[in-house]
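Asks:
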Amino acid sequence: PAAAMGNYLKSKIKRIQFRNFEIETWYTAPYPEEYSRSEVLFICEYCLKYMVSPVSYERHQLKNCGLFNNHPPGVEIYRDVESRIAIWEVDGRKNINYCQNLCLLAKLFLNSKTLYYDVEPFIFYVLTELDHDDPTNYHFVGYFSKEKLNNSDYNVSCILTLPIYQRKGYGNLLIDFSYLLTRSEFKYGTPEKPLSDLGLVSYRNYWKITIASKLKLLHDKYILNSKTENTERFSISIECLSKLTGMTPSDVVVGLEQLNALIKNPGTTTYGILIDLPKINEVLAKWKSKKHTTLDYNKLRWKPML
Ligand code: ACO
Ligand code: ZN
Numbered sequence: 196p197a198a199a200m201g202n203y204l205k206s207k208i209k210r211i212q213f214r215n216f217e218i219e220t221w222y223t224a225p226y227p228e229e230y231s232r233s234e235v236l237f238i239c240e241y242c243l244k245y246m247v248s249p250v251s252y253e254r255h256q257l258k259n260c261g262l263f264n265n266h267p268p269g270v271e272i273y274r275d276v277e278s279r280i281a282i283w284e285v286d287g288r289k290n291i292n293y294c295q296n297l298c299l300l301a302k303l304f305l306n307s308k309t310l311y312y313d314v315e316p317f318i319f320y321v322l323t324e325l326d327h328d329d330p331t332n333y334h335f336v337g338y339f340s341k342e343k344l345n346n347s348d349y350n351v352s353c354i355l356t357l358p359i360y361q362r363k364g365y366g367n368l369l370i371d372f373s374y375l376l377t378r379s380e381f382k383y384g385t386p387e388k389p390l391s392d393l394g395l396v397s398y399r400n401y402w403k404i405t406i407a408s409k410l411k412l413l414h415d416k417y418i419l420n421s422k423t424e425n426t427e428r429f430s431i432s433i434e435c436l437s438k439l440t441g442m443t444p445s446d447v448v449v450g451l452e453q454l455n456a457l458i459k460n461p462g463t464t465t466y467g468i469l470i471d472l473p474k475i476n477e478v479l480a481k482w483k484s485k486k487h488t489t490l491d492y493n494k495l496r497w498k499p500m501l
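FYI, the numbering for the sequence shown is 196 to 501, going by UniProt numbering.
#1: Taking the DSSP output, what are the residues bridged to Thr356?
#2: Are Glu342 and Phe381 closer than 8 angstroms when you measure CB to CB?
#3: Let me check you understand the geometry: is the CB of Asn264 closer than 7 angstroms to at least one non-hydrogen atom of the ligand ZN?
#4: Any heavy atom of the ligand ZN closer than 7 angstroms to the Cβ of Tyr241?
#5: Output the residues surrounding the ligand ACO, defined as those with a CB atom closer than 6 angstroms to any ligand heavy atom, in chain order.
#6: The beta strand (DSSP E) with residue 532 in it runs from where to where?
#7: Spell out the partners DSSP gives Thr385 in its beta bridges.
#8: Could you tell me whether the segment 212 to 226 touches the segment 357 to 367, where touching means 3 or more Cβ pairs closer than 8 angstroms?
#9: Measure the Cβ-Cβ separation of Cys353 and Phe339 and say whether it is below 8 angstroms.
#10: Can the beta-carbon of Ile404 be found closer than 8 angstroms to that of Val321?
#11: Using three-state DSSP, classify Gln361 as helix, strand or coil.
#12: With the cut-off set at 8 angstroms, would you say Val448 and Ile458 are in Cβ contact?
#13: Whose CA, out of Ile280, Ser445, Glu315, lies closest to the CA of Leu297?
See below:
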């Protein structure tokens with residue numbers, strides 16, 4: 196029975212057709228059996244419906260979906276026309292089908308167990324790119340999910356950038372957006388563990404550049420104050436960096452460590468924060484040189500649910 200069970204569950208899906216890309220999948224996802232038998236799955240980039248036949252996919256694009264639907268469901272809560280991105284808030288309870296399709300799609304690129312069908316306790320934040328020729332047409336790029344009610348500090352449950360859009364800074368932008376929401380809730384947050392390898396490198400990079408830019412800002416303010424003989428006391432603490440960023444104190448520490456900023460006070464068990472300006476400038480210059488799309492925090496149209 197074990198072998199038979201194994202065969203039954205084994206998915207044949209190797210590739211997905213998405214927009215006009217063919218994407219190789221990384222892991223298996225529990226699509227219904229009749230879909231798992233196919234090597235290629237056709238997925239609509241707007242409603243994320245999956246199909247096995249190219250004919251039904253074509254028909255869906257031309258008639259059923261494309262004409263009425265060219266963006267995710269839910270509410271557009273962020274829009275930047277110049278950077279050509281929009282972010283949508285999708286409630287797992289109101290759009291069960293879409294969110295289940297989204298989780299199945301994500302599972303194709305995630306090794307760890309994730310949820311697929313029990314989407315109602317989650318909110319999904321979907322990042323789209325505005326089409327070059329038609330800005331009313333939105334291309335799905337990636338998303339993160341977040342538990343609506345939780346007593347932990349988790350502010351991201353699952354995060355994904357589709358492989359065709361990876362290494363362009365979109366993961367970083369989604370992470371930044373998750374902390375923007377967390378700061379708007381006057382909280383701090385951290386991603387749900389365990390992180391995947393790619394999740395870990397992306398988060399470590401985000402924590403590093405975020406702490407670097409805050410230290411730089413505080414440093415410049417200090418220089419300005421000392422020139423104008425402003426006597427306002429200047430102090431940096433892990434707590435203050437946590438408040439400024441929405442990051443948990445332990446994630447702040449991970450950022451500080453990568454900037455050689457934590458210095459043990461001799462003869463004690465306490466640490467001081469050191470500003471290594473050349474290091475900070477190097478980290479920031481390197482990131483800036485990539486010219487990735489960044490958020491304009493003023494463009495958020497969102498209030499926390501109470
Ligand atoms: N190799 C090395 N460094 C990487 C890589 C990689 N493949 N991907 C990201 N990084 C680091 C780099 O420092 C990168 O900066 P650089 O490109 O300037 O060197 C930085 O992270 C930011 O990368 P982005 O381009 O912003 O990230 P991306 O859009 O590629 O998305 C993500 C990152 C979401 C983790 C993506 O790799 C992904 O979807 N992976 C599959 C799903 C997954 O593992 N999700 C995380 C699970 S953990 C969780 O959900 C809480
Ligand atoms: Zn569709």
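For each residue, glycine too, the CB sits at the ideal point set by N, CA and C.
Replies: Quick look at the numbers:
#1: For the purposes of this step, residue 356 is taken as the residue at position 161 of the sequence shown. BP columns for Thr356 point to Gly337.
#2: For this step, residue 342 is matched to residue 147 along the sequence shown. For this step, residue 381 is matched to residue 186 along the sequence shown. Not in contact: Glu342 and Phe381 (Cβ atoms no closer than 8 angstroms).
#3: Position 69 of the sequence shown, counting from 1, holds the residue named residue 264. At least one heavy atom of the ligand ZN is nearer than 7 angstroms to the Cβ of Asn264, so yes.
#4: Here residue 241 refers to the residue found at position 46 when the sequence shown is read from its first residue. Yes, since a heavy atom of the ligand ZN falls inside the 7 angstroms radius drawn around the Cβ of Tyr241.
#5: Phe304, Leu305, Val351, Cys353, Ile354, Leu355, Thr356, Gln361, Arg362, Lys363, Gly364, Tyr365, Gly366, Asn367, Pro386, Glu387, Leu390, Ser391, Leu393, Gly394, Val396, Ser397, Asn400, Lys485
#6: Given a span of 196 to 501 for the chain in the structure shown, any question on residue 532 remains unanswerable.
#7: As a first step, residue 385 is located in the sequence shown; it is residue number 190 there, counting from the start. According to DSSP, which records beta bridges pairwise, Thr385 is partnered with Tyr349.
#8: yes
#9: Position 158 of the sequence shown, counted from the start, is the residue given in the question as residue 353. Position 144 of the sequence shown, counted from the start, is the residue given in the question as residue 339. Result yes, Cβ atoms of Cys353 and Phe339 sit closer than 8 angstroms.
#10: Numbered from its first residue, the sequence shown carries residue 404 at position 209. Numbered from its first residue, the sequence shown carries residue 321 at position 126. Taking 8 angstroms as the Cβ cut-off, Ile404 and Val321 do not qualify as a contacting pair.
#11: What you label residue 361 is simply residue 166 of the sequence shown in a count that begins at 1. Three-state DSSP puts Gln361 in coil, outside helix and strand.
#12: Here residue 448 refers to the residue found at position 253 of the sequence shown. Here residue 458 refers to the residue found at position 263 of the sequence shown. Not a contact, by the Cβ cut-off of 8 angstroms.
#13: Taking the first residue of the sequence shown as 1, we reach residue 297 at position 102. Nearest of Ile280, Ser445, Glu315 to Leu297, Cα basis: Glu315.
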